[in-house]
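Chemist: Below is a structure I'd like to ask you about.
2 protein chains.
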Amino acid sequence: MRNTSPSSPAARPAEGVDRLWGTSVGEDTAFLLARANAITLAAASAAVGEFGLKVRSYSVLALAVSGERPNQRELSEFLRLDPSQIVALIDELEKRGLVRREPDAGDRRVNVVVATDEGREVYARAREATERAEAQCFSALDVEDRDRLKTILRTLAAAPGASAG
Amino acid sequence: MRNTSPSSPAARPAEGVDRLWGTSVGEDTAFLLARANAITLAAASAAVGEFGLKVRSYSVLALAVSGERPNQRELSEFLRLDPSQIVALIDELEKRGLVRREPDAGDRRVNVVVATDEGREVYARAREATERAEAQCFSALDVEDRDRLKTILRTLAAAPGASAG
Chain A
0 MRNTSPSSPA
10 ARPAEGVDRL
20 WGTSVGEDTA
30 FLLARANAIT
40 LAAASAAVGE
50 FGLKVRSYSV
60 LALAVSGERP
70 NQRELSEFLR
80 LDPSQIVALI
90 DELEKRGLVR
100 REPDAGDRRV
110 NVVVATDEGR
120 EVYARAREAT
130 ERAEAQCFSA
140 LDVEDRDRLK
150 TILRTLAAAP
160 GASAG
Chain B
0 MRNTSPSSPA
10 ARPAEGVDRL
20 WGTSVGEDTA
30 FLLARANAIT
40 LAAASAAVGE
50 FGLKVRSYSV
60 LALAVSGERP
70 NQRELSEFLR
80 LDPSQIVALI
90 DELEKRGLVR
100 REPDAGDRRV
110 NVVVATDEGR
120 EVYARAREAT
130 ERAEAQCFSA
140 LDVEDRDRLK
150 TILRTLAAAP
160 GASAG
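Residue numbers (numbering that gives the first Met the number 0), protein chains in the order written: chain A, 0 to 164; chain B, 0 to 164.
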């Protein structure tokens, strides 16, 4: 375990800013999560930016492509964004011809969001780019650790209270 | 592995918004990291908020308490915040009497940040609160998975390129 420490003398000398990895902050899982999130978010932003998307609009597009026909409330809840933010993201994607709103078959007062053919195509290419970016971000991990990380994060997401805050 | 899935039928029926966990978005590690970060950040904010701190000022205070005598450039680099943000955070903590700037013994043109006695005391209590909040956030994980998560995140943080973006 010690050898994987970022402040391990073998990897980097514990001088300069690296010595701060030995403090309580460097041992704090919440801090480490924030750090990992910042790294992957920057990489994903750059990847989807090539397609004129932001990470948030990419997520909405991916859910529109999924075939699950999410409505605006569901998108808001799943992506933890305000309904007004979701409306703005859908508007933006609709204007570009990547998604369209359709009445829900079960309740025609409710609109669901579905991808257009062009939306599917842009998504497929953006997804390839995000997968490359993600592979780069996680290249320090072996396959087992990548799978374990995903499993642990899914457990956290499913935990009671995970939707709070 | 399947049983830990958030959309596992045993845990929740895959209807309503939960069916979206079966999409590519719900399988995306970067998305799951963002979700976990949002949950722990909200919990940590609430915990340190009781002491008049924000997560960022708490991190600066923790590093001031560590005894490592970080200077402003090191705080900026380690916490990935702009130097101007770091200056504002130190100013705020100094005004409250929790930290003070001292000339670095090695280079007296450079100031380092150290905690006052009161800063140590506030930090100790805020740390207890964040540890309780963190324990709550990670209560869905067994001890082995918590350790594994931390180890994986430290590996990511130490990876070449982790400071980019």
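Here a beta-carbon is modelled for each residue, glycine too, at the ideal position from N, C-alpha and C. Fair warning: this is a prediction, and the values are worked out from it, not measured in the lab.
1. Near B/Val86, what residues of its chain come up, given a Cβ to Cβ distance below 8 Å and the 5 sequence neighbours on each side ignored?
2. With 7 Å set as the bound, which would you pick, yes or no: does the beta-carbon of A/Ile151 sit closer than that to a beta-carbon of chain B?
3. Report the rounded CA-to-CA distance for B/Arg153 versus B/Val109, giving the unit in angstroms.
4. On the DSSP letters alone, give me the boundaries of the beta strand (DSSP E) that B/Glu120 sits inside.
5. Do A/Ala158 and B/Glu133 come within 7 Å of each other at the CB atom, strictly closer than that value?
6. For A/Pro69, go through chain B and note every residue whose CB falls closer than 7 Å to its CB, in chain order.
7. Report buried or exposed for B/Ala46, applying the criterion of at least 16 other Cβ atoms within 10 angstroms of its Cβ.
8. Would you tell me roughly how many angstroms separate the C-alpha atoms of A/Arg34 and A/Gly66, rounded to the nearest one?
9. Could you pull out every residue in the same chain whose Cβ sits closer than 8 Å to the Cβ of B/Ile89, ignoring the five residues on either side in sequence?
10. Please give the ranges of any beta strand (DSSP E) in the segment 42-115 of chain A, keeping only runs that are unbroken, at least 3 residues long and fully inside the region.
11. What is the DSSP secondary structure of B/Ala167, reduced to helix, strand or coil?
12. Given this structure, state the Cα-to-Cα distance separating A/Ala9 from A/Gly48, to the nearest angstrom.
13. For my contact list, A/Ile151 and B/Leu148 are in at a C-beta cut-off of 8 Å; report their separation, rounded to the angstrom.
14. Ordered along the chain, which non-local residues of its own chain (more than five positions away) have a Cβ less than 6 Å from that of B/Ala42?
15. Does the beta-carbon distance from A/Leu78 to B/Thr22 come in below 7 Å?
16. Along chain B, which residues have their Cβ under 7 Å away from the Cβ of A/Val24?
17. Helix, strand or coil for B/Thr28, going by three-state DSSP, please let me know.
18. List the whole-angstrom C-beta distance separating B/Leu155 from A/Leu140, where the pair is believed to meet the contact cut-off of C-beta under 8 Å.
19. Comparing the C-beta of A/Asn2 with each C-beta of chain B, is any distance below 7 Å?
20. Comparing the CB of A/Asp27 with every heavy atom of the ligand HEM, is any distance shorter than 6 Å?
21. So which residues of chain A does B/Val16 contact, with C-beta pairs closer than 7 Å?
22. Taking Cβ to Cβ, would you say B/Arg119 is nearer than 7 Å to B/Val54?
23. Taking all protein chains shown into account, do 16 or more other C-beta atoms lie within 10 angstroms of the C-beta of B/Ala104, making it buried, or fewer, making it exposed?
24. Buried or exposed, going by whether 16 or more other CB atoms sit within 10 Å of the CB of B/Ala125?
25. Could you tell me the distance, in whole angstroms, from the CA atom of A/Glu130 to the CA atom of A/Asp17?
26. Beta carbons nearer than 8 Å to chain A: which residues of the segment 112-130 of chain B have them?
27. Give me the Cα-Cα distance between B/Thr3 and A/Asp144, rounded to the nearest whole angstrom.
28. If you draw a straight line from the C-alpha of A/Ala128 to the C-alpha of A/Asn36, how long is it?
29. Taking only the alpha-carbon atoms, compute the straight-line gap between B/Leu19 and A/Ser83 and give it to the nearest angstrom.
30. Hey, would you say B/Val121 sits closer than 7 Å to B/Phe50, going by beta carbons?
Modeler: Looking at the atomic coordinates:
1. Gln71
2. yes
3. 29 Å
4. First-last for B/Glu120: Asp116 to Cys136, but that is the alpha helix (DSSP H), not the beta strand (DSSP E).
5. no
6. Leu19
7. buried
8. 33 Å
9. Val59, Gln71, Leu74, Val98, Arg100 and Val112
10. 98-102 and 110-114
11. Because residue 167 of chain B is not part of the residues shown, which for chain B are 0 to 164, the question remains open.
12. For A/Ala9, the pLDDT reaches just 43, beneath the cut-off of 50, and the residue's location in the model is therefore unreliable, although a value from the coordinates is still provided. Distance between the alpha carbons of A/Ala9 and A/Gly48: 37 Å.
13. 5 Å
14. Ala132 and Cys136
15. no
16. Ser58, Ala61 and Leu62
17. helix
18. 7 Å
19. Only weak support exists for where A/Asn2 lies, its pLDDT of 43 falling under 50; the value from the coordinates is given anyway. A/Asn2 does not count as touching chain B.
20. The ligand HEM is not among the ligands present in this structure, which contains no ligands whatsoever.
21. Glu73, Glu76 and Phe77
22. no
23. exposed
24. buried
25. 30 Å
26. Arg126 and Thr129
27. Annotation note: pLDDT 44 at B/Thr3 (below 50); position unreliable, no value reported.
28. 18 Å
29. 20 Å
30. yes
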